[in-house]
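Here is the structure we will look at.
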Amino acid sequence: MRIQLDKLGIVIALLAAYGTLGASFAVSKPNRIVQGQAKSILDALPSWAAWALLVLLFAAAVVALLRTSAWAKLIAAAAALLALALAMGLTGHFLTPAGNTYARVSPASGFWILLFAFALLAADAITRLKPPPWMRVLFLILAGAGVGGLLFSGSWDGLSIMKEYAGRADVFWVEAGKHVTLALGSLLAAVAVGLPLGILCHRVEPLRASVLNALNIIQTIPSIALFGILIAPLGWIAATVPGAAALGIRGIGAAPAFVALFLYSLLPVVANTVIGLSGVPKDAVDAARGIGMTNRQRLFKIEFPLALPVILTGIRIVLVQNIGLATIAALIGGGGFGVFVFQGIGQTAMDLVLLGAVPTVALSFAAAVILDALIELNSRAVNGARSG
Amino acid sequence: MIEIDAITKQYDGVAVVDDVSMVIEPRTITVVVGTSGSGKTTLLRMINRLVEPSSGAIRLDGEDNRSIAGYELRRRIGYAIQGHGLFPHRTVAQNIATVPSLLGWERRRIDLKVAELLTLFQLEPEIYGPRYPHELSGGQQQRVGVARALAAEPNVLLMDEPFGALDPIIRAKAQEDLLAIQKHFGTTIVLVTHDMNEAFHLAHKIAVMDQGKVVQYGPPAELVQTPATSFVETLIGETERPFRLLSISRAGMAVEPGEAAGEPIREDRTQQDALADLLWSGRTALPVVSVTGMPMGRVTLDALLKRAARPL
Chain R
12 MRIQLDKLGI VIALLAAYGT LGASFAVSKP NRIVQGQAKS ILDALPSWAA
62 WALLVLLFAA AVVALLRTSA WAKLIAAAAA LLALALAMGL TGHFLTPAGN
112 TYARVSPASG FWILLFAFAL LAADAITRLK PPPWMRVLFL ILAGAGVGGL
162 LFSGSWDGLS IMKEYAGRAD VFWVEAGKHV TLALGSLLAA VAVGLPLGIL
212 CHRVEPLRAS VLNALNIIQT IPSIALFGIL IAPLGWIAAT VPGAAALGIR
262 GIGAAPAFVA LFLYSLLPVV ANTVIGLSGV PKDAVDAARG IGMTNRQRLF
312 KIEFPLALPV ILTGIRIVLV QNIGLATIAA LIGGGGFGVF VFQGIGQTAM
362 DLVLLGAVPT VALSFAAAVI LDALIELNSR AVNGARSG
Chain U
316 MIEIDAITKQ YDGVAVVDDV SMVIEPRTIT VVVGTSGSGK TTLLRMINRL
366 VEPSSGAIRL DGEDNRSIAG YELRRRIGYA IQGHGLFPHR TVAQNIATVP
416 SLLGWERRRI DLKVAELLTL FQLEPEIYGP RYPHELSGGQ QQRVGVARAL
466 AAEPNVLLMD EPFGALDPII RAKAQEDLLA IQKHFGTTIV LVTHDMNEAF
516 HLAHKIAVMD QGKVVQYGPP AELVQTPATS FVETLIGETE RPFRLLSISR
566 AGMAVEPGEA AGEPIREDRT QQDALADLLW SGRTALPVVS VTGMPMGRVT
616 LDALLKRAAR PL
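Going down the list, the protein sequences come from chains R and U. The first sequence begins at 12 in my numbering and counts up by one. The second sequence begins at 316 in my numbering and counts up by one.
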C-alpha cells in the first residue's frame with residue numbers, strides 16, 4: 012500500500028522537527044534583563060516529561076503527515092498544544108532554582124515554532140470540518156477555558172511572563188479595562204455615528220462621494236500623526252469649554268486616543284453601510300414601496316436586514332483594527348496593553364512586551380472568530396436558511 | 316372604478332405622461348401597451364402614487380387618491396412587478412403576509428389567507444410556505460409575487476410587466492392563472508406590457524400609449540377593426556390583423572347549423588384555433604361541440620375567411 016502524504020502535513024512535520032531538534036525550547040536567565048541560556052527539551056524538562064512530550068509531538072506530527080480524517084488531526088493538534096502548554100509550565104518550575112526570585116524562564120524559538128506548527132494543524136483541521144458558526148464559537152470557548160484553566164491552576168507561575176504579571180496584577184486589569192473600553196467604546200461611537208451617516212449617504216447621492224473621500228483622507232493619516240494633530244484642538248477644548256476637563260478631555264491621554272480610533276473606525280462602517288444598502292435588490296425595494304411600506308419600515312424591515320452581513324463585515328474590520336491600534340494609545344498616555352509593550356521596550360524586558368502583546372493578539376483573534384460567526388449566521392438568514 | 320382625469324407628469328419640463336384621461340371599469344382587466352418610454356409605467360405608478368403627478372387627478376371609486384397618505388393608499392392596492400420583487404430574507408409565507416401584517420391583521424387570519432392564496436396558486440402551503448424565494452422556480456416566484464399583491468384582498472391590482480421574465484410556456488400558464496384569479500376575486504386589474512399578444516389575450520380594454528399620450532382606448536376588436544393612428548396599426552402588426560381579429564372571438568360565435576366530419580372543436584376555443592385546425596387537416600368545415608361535449612353545429616372555412624376580412 013502506498014502511503015499518501017498530506018501537503019500541509021509535510022510543512023507542519025518539518026516545522027515540528029526543527030522546533031524539537033533544531034531550536035531551543037526555553038531560555039533560562041539569572042534575572043529579567045541579561046542574556047539567557049538556551050535549553051533544549053531534554054535539558055528543560057525532567058527526563059520522563061521530556062520523553063513523553065517528544066513521543067506525543069512525534070505522534071501528532073505523524074497524524075499531520077498522513078492523510079487522516081479532520082477530526083483525528085484536530086484531536087492530535089489539541090493534544091500537542093495542551094502538552095506544549097503543560098510542558099512549558101513544568102519547565103518554568105523545573106529550571107528555576109528553589110527560592111530564587113530573580114531567575115527568569117521564558118519560552119524560546121523552538122516553543123513558538125511548535126506552537127505555530129500545531130496551531131496551523133488545528134486551523135487546517137477546523138477549516139476542513141466546515142463547522143457551523145456556533146461550533147466555531149464553541150471551539151473558541153473551549154480554547155479560552157483551557158488557557159484560563161492553566162492560568163488559574165498556577166501551572167505557568169514559574170514562567171517569566173507570569174512573574175511580570177504577578178508584579179503588576181492590579182495595573183494589568185486596569186489597563187485591560189482601558190484597552191477594551193477604548194477599542195469597544197470607539198467602535199460603538201463609530202457605529203452610532205457611522206450607520207446613520209451611511210444611510211444618509213445612501214439616500215442622498217450627492218453626499219456620498221464627499222463624505223467617503225473625507226473619511227478616506229483621515230484613514231491615510233498615520234496614527235501617531237493623528238494623535239499629534241488632535242493634541243491642539245482637544246487641549247483648546249479642555250481649556251475653554253467649561254466642564255470638558257472634568258470629563259477627562261485633555262490634549263493627551265484617553266480622549267485623543269478615543270477620538271483617533273473613532274475617526275479611523277468611521278470609514279469602514281460608513282463605506283460598508285453604503286455598499287451593503289446599495290447591494291439590496293432594486294426590485295425588492297420597489298416592491299416594498301409599492302405594497303405600502305413607509306420609508307422607515309422599508310429601511311428596517313427590508314434594506315437593513317439585507318445589508319447587515321456587509322455592515323457586520325465593516326464592524327469586524329473596525330473591531331480587530333481597533334484592538335490592535337489601541338496599543339498605540341499608550342504613547343500619549345491613553346493606557347491599554349500598550350503600556351506594557353512600551354515599558355518593556357524601554358527596559359529591554361521582552362517578557363513585559365509579551366505581557367502586553369499576547370492578550371492583544373488573543374483579544375483580536377477572539378473578536379474575529381465571534382464576528383465571523385455572526386456574519387455567517389446573518390448571511391444565511393439573508394440567503395435563506397437552507398442554503399448554508 | 317378608476318377615473319384618470321387629465322393627468323400629466325413632467326420630468327425637467329418634458330412630459331412623460333401628457334394629459335391622459337381615461338375611465339377604468341370595475342372588475343375588468345385593462346392592459347396598457349406601448350413601446351418603452353411611452354409613459355405606460357409612469358401612468359401605472361401614478362395610480363398608487365409611487366410617482367406623484369405634476370397636474371391632474373386620479374379618483375378611485377370617486378375618492379381622490381391624494382386624500383390619504385401614499386403608503387396607506389398602496390396597502391389598499393395590489394402591486395406586482397417584473398422579476399417578482401420578493402424579499403429574499405423572508406419565507407414565501409412571510410412574503411405573502413407582508414401587507415396583512417402591515418395592516419395589523421390577527422395572526423390566525425393572516426395564516427388562513429396565506430394558505431388560501433398558496434392553494435389557489437397551486438403551491439402546497441405546508442411545502443412552499445416555509446421555503447425561501449430562491450428555492451422556487453421562476454414561475455413559482457412570479458406566482459408568489461402575485462399572491463403577495465392580492466393578500467390584503469385589494470379591489471385594484473396594478474401589474475408592471477408581471478410576466479416579462481418568464482419563458483413562453485410558463486408565461487402562457489401564468490396568463491391563464493391570472494384570468495382565473497380575476498374571475499375568482501373580481502379584481503380590477505391594470506396591467507402594463509409591451510407584448511401585444513399578451514394584451515389581446517388578457518384585456519377587456521386596451522389603452523395604447525405613444526409618447527406620453529393615450530392614442531386609442533377601447534376593446535381589442537375596436538383596435539383591430541378601426542386603429543386610430545398608424546402607430547396603433549404598426550403596433551398591432553398590419554399583416555397579423557386578420558388573425559388578431561379571429562383570435563379575440565370564440566369558435567362558438569361562428570357556428571352555423573350543419574354537419575361536418577372529423578375531430579370536433581370546443582366552442583370556447585378561438586376562431587384562430589378553428590382556422591388553424593381547418594387548414595392543417597385540409598377540411599372545409601369543422602364540427603363544433605359545447606364545453607360539455609354536446610354537438611352545436613359546424614364552422615366553415617368560408618365563414619371564417621369572411622370574418623377575417625377588412626371591415627367595411
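Virtual Cβ for every residue (Gly too), placed ideally from N, Cα, C.
Option nearest residue i by Cα separation, candidates the options
i, options, result
"R/Ala154", "R/Ala55, R/Val380, R/Ser117, R/Leu366", "R/Val380"
"R/Ile124", "R/Asn227, R/Val116, R/Gly30, R/Ile286", "R/Gly30"
"U/Gly444", "U/Gln409, U/Arg424, U/Ile339, U/Ala464", "U/Gln409"
"U/Asp320", "U/Lys355, U/Leu433, U/Glu439, U/Val335", "U/Val335"
"R/Phe273", "R/Leu237, R/Gly254, R/Ala256, R/Asn306", "R/Leu237"
"U/Ala618", "U/Gly608, U/Pro610, U/Thr599", "U/Thr599"
"R/Ala27", "R/Glu387, R/Val45, R/Ala91", "R/Ala91"
"U/Leu561", "U/Arg581, U/Asp588, U/Thr357, U/Ala576", "U/Asp588"
"R/Ser375", "R/Val329, R/Val352, R/Ala177", "R/Val329"
"U/Leu365", "U/Gly352, U/Leu433, U/Pro602, U/Glu387", "U/Glu387"
"R/Phe150", "R/Ala377, R/Ala128, R/Pro108, R/Val222", "R/Ala377"
"U/Gln526", "U/Thr585, U/Trp595, U/Pro415, U/Gln325", "U/Gln325"
"U/Arg446", "U/Val429, U/Gly460, U/Val407", "U/Val407"
Same chain, Cβ closer than 7 Å to residue i, neighbours up to 5 away in sequence not counted
i, result
"U/Gln397", "Asp475, Glu476, Pro477, Gly479, Ala480"
"R/Ala136", "Ala81, Lys84, Leu85, Ala88"
"U/Ala543", "Val530, Gln531"
"R/Ala24", "Ala72, Ala75, Leu76"
Burial state of residue i (16 or more Cβ within 10 Å)
i, result
"R/Gly399", "With a pLDDT of 34 at R/Gly399, under the threshold of 50, the predicted position of this residue should be treated as unreliable, though the coordinate-derived value follows. It counts as exposed."
"R/Asp362", "buried"
"R/Trp167", "buried"
"R/Pro267", "buried"
"U/Ser370", "exposed"
"U/Ala395", "buried"
"U/Thr350", "exposed"
"R/Val252", "exposed"
"R/Phe351", "buried"
"U/Asp327", "exposed"
"R/Tyr176", "buried"
"U/Leu620", "exposed"
"U/Phe515", "buried"
"R/Asn333", "buried"
"U/Ala624", "exposed"
"U/Thr356", "buried"
"U/Asn380", "buried"
"U/Glu378", "exposed"
"R/Phe36", "buried"
Cβ neighbours of residue i in the same chain (closer than 6 Å, five flanking residues each side left out)
i, result
"R/Ala396", "Since pLDDT at R/Ala396 reaches only 45, below the 50 mark, its modelled position is unreliable, and no value is offered."
"U/Thr343", "His519"
Residue i CB to nearest heavy atom of the ligand PLP below 7 Å
i, result
"U/Leu417", "As presented, the structure is devoid of all ligands, the ligand PLP included, so that no description of it is given."
CB contact below 8 Å: residue i versus chain U
i, result
"R/Gly304", "Residue identity differs from the one stated: residue 304 of chain R is Met in this sequence, not Gly. Cβ-Cβ to chain U under 8 Å: yes for R/Met304."
"R/Pro316", "yes"
"R/Pro292", "yes"
"R/Val393", "yes"
"R/Ile229", "no"
"R/Ala298", "yes"
"R/Ala295", "yes"
"R/Arg397", "Residue placement at R/Arg397 is poorly supported in this model, since its pLDDT is 42, which falls under 50; the coordinates are not used for a value here."
Cβ-based neighbour list, residue i, same chain, cut-off 8 Å, excluding 5 preceding and 5 following
i, result
"R/Arg219", "Cys212, His213, Val285"
"U/Leu427", "none"
"U/Val539", "Ile551, Arg556, Arg559, Leu560, Ile563"
Proximity test, Cβ basis, 8 Å: residue i and chain R
i, result
"U/Asn380", "no"
"U/Tyr394", "yes"
"U/Pro534", "no"
"U/Thr607", "no"
"U/Pro440", "no"
"U/Arg390", "yes"
"U/Glu555", "no"
"U/Arg374", "no"
Neighbour list for residue i in chain C, Cβ cutoff strictly below 8 Å
i, result
"U/Asn363", "No chain C appears in the structure shown, which is made up of the protein chains R and U."
inquiry  = Between the segment 569–580 of chain U and the segment 537–547 of chain U, can you find at least three pairs of beta-carbon atoms closer than 8 Å?
reply    = no
key: Three or more C-beta pairs below 8 Å linking the segment 325–333 of chain U and the segment 354–364 of chain U   = yes
inquiry  = Whether or not the segment 384–395 of chain R and the segment 492–505 of chain U are in contact is what I'm after, with contact meaning three or more pairs of Cβ atoms, one per stretch, closer than 8 Å; do they touch?
reply    = no
ask   = Pairing CB atoms from the segment 283–302 of chain R with CB atoms from the segment 310–327 of chain R, are three or more of them under 8 Å?
value = yes
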